[in-house]
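What follows is the structure in structure tokens.
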């Protein structure tokens, strides 16, 4: 039977009311109590952060009294932040009051009913803390306050970040600011897998106490965001100040080692100084006015500690000292940094330093020998005194020479055996110019020595049958060679087995391992039988084939 439209709608409304009532019944007392606990914790946190923000504002007022010029721009931003935050907090308070009012108000501790929305936990209890309908209607369906709240919270976050001028700080605060609300386009999935927007996920069918707790949480995010912003502004007042209790002259040189023909350069400056006033740097001999403390540091003085002397160029608070390097040995210099003190008088900070001038020289050393072997990697270490490894490059006049940062590898082909190559070194100066160091160093390309053919570690003499059986075959081994991991492979040999009163057995074999026929002879060998291995060929890593000395063994 078809039900008319109006009765059907009435039935749907009745079912909705029944379902709402059932959902309300299913909200347990434990869950509601948990919301009360969380809500009270958030309220306490809000009070704490609010007090902290008040103290921060007091600090701004104190800073204004000390230095209004530096403080005023940052205090304006802090005040604007506080104004924006307070306006949003008031707006959320109005939403909370309306929700309390629409759910029947609250009951005070004397059990007197109040129909207004001016409720807080310490005043009493909510009349209907389980109500699921009001938050849905007020925040989503009828008044749509949830969507309005979302828009205002997003706008507040944007307004707060707009006040930050530094891009790096703004990016950092964007990730750290507690107030972070999803956009209207963002969708979430509920427990049933249905897509919901931010408002529905937070306020649909939510008990009154849960809704109030969530709104208090947003207020907490606002207060903490306000606190973070105000802390940042307060720090900026003195962010560019240099705080110190005494000044000490410092000398920084790109290199304290200078080769002949180069120019020594150093930056001489006061560790803490007024960025708006360049000091005067005087180079000259120190007199008796220059004294040191117990730690060996020069003490500032009102009297000029330099006898004679010349002023040098100063840029950005640092003296630019240059001195030509001639000859060899240590070169010392001294002087003083002159600054104007708080009272306008001159204060001198003595200093002394030294650098070493030396002739150009390159240090090239093979990591193994003073020769280069063909066919294998030859490691080299290349260095130049006074230069960092990454400022040095090296090359060879033949073969391959690769590497960087002082570590190189030379690879020479077999056809270069007997030839000489030269390794040249280029060093980069501090100013970016490059120069060849020395005239290059010659190295001789040599062949890898011939290996020795062995069986079970022997080249001749007596051998037990068991040792012979256990050996894998004929091995080519390098003796007393400095390079590790260089191997020769036996490619062929002739195996001669001479048993007593029998004709010799001769067998040619490929590779180093025993063939089946040879192994059979070895297994049948008896004391007194002889084994001779000759015409042994082995191939090395350089690609050349070597003829090795024969092996003569007698079964013991």
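Numbering (this note's numbering), first residue to last: 47 to 602. Virtual Cβ for every residue (Gly too), placed ideally from N, Cα, C.
State the Cα-Cα distance for the pair residue 314 and residue 382, rounded to the nearest angstrom. 9 Å
Which residue's Cα is closest to the Cα of residue 471: 585, 482, 478, 477? 482
Could you give the DSSP three-state label for residue 456: helix, strand or coil? strand
With DSSP collapsed to three states, give me the class of residue 137. helix
Just the C-alpha distance for residue 421 and residue 495, rounded to the nearest angstrom, thanks. 12 Å
What separation, rounded to the nearest whole angstrom, lies between the Cα atoms of residue 200 and residue 183? 22 Å
Own chain residues within Cβ distance below 7 Å of residue 264, not counting five before or after: 138, 199
Nearest-angstrom Cβ-Cβ length linking residue 529 and residue 419, presumed shorter than 8 Å: 7 Å
Can you tell me the Cβ-Cβ gap for residue 582 and residue 551, rounded? I've got them flagged as a contact below 8 Å. The pair is not a contact, with the Cβ atoms about 18 Å apart (cut-off 8 Å).
Quick check on this structure: which residue in 145, 194, 100, 588 has the alpha carbon closest to the alpha carbon of residue 175? 145
Taking the alpha carbon of residue 208 as the point to measure from, which residue in 130, 235, 284 has its own alpha carbon closest? 130
Can you tell which of 296, 333, 168 has its C-alpha closest to the C-alpha of residue 343? 296
When the Cα of residue 360 is compared with those of 490, 585, 312, which residue comes out closest? 312
Under 8 Å, do residue 363 and residue 324 count as touching if we go by C-beta distance? yes
Closer than 8 Å is the cut-off here; do at least three beta carbon pairs connect the segment 499 to 517 with the segment 570 to 590? yes
Going by other Cβ atoms of all chains shown within 10 Å of its Cβ, with 16 needed for buried, is residue 226 buried or exposed? exposed
According to the neighbour-count rule (16 or more other Cβ atoms, all chains shown, within 10 Å of its Cβ), is residue 461 buried or exposed? exposed
With DSSP as the reference, label residue 131 as helix, strand or coil. helix
So, using beta-carbon positions, are residue 244 and residue 196 closer together than 8 Å? yes
Is it buried or exposed, residue 203, if we count other Cβ atoms within 10 angstroms and call 16 or more buried? buried
Could you check whether residue 477 and residue 269 sit closer than 8 Å to each other, using their CB atoms as the reference points? no
Counting only runs that start and end within the segment 512 to 543, where is the beta strand (DSSP E) found for 3 or more residues in a row? 521 to 523
For residue 547, is the classification buried or exposed, using 16 other Cβ atoms within 10 angstroms of its Cβ as the cut-off for buried? exposed
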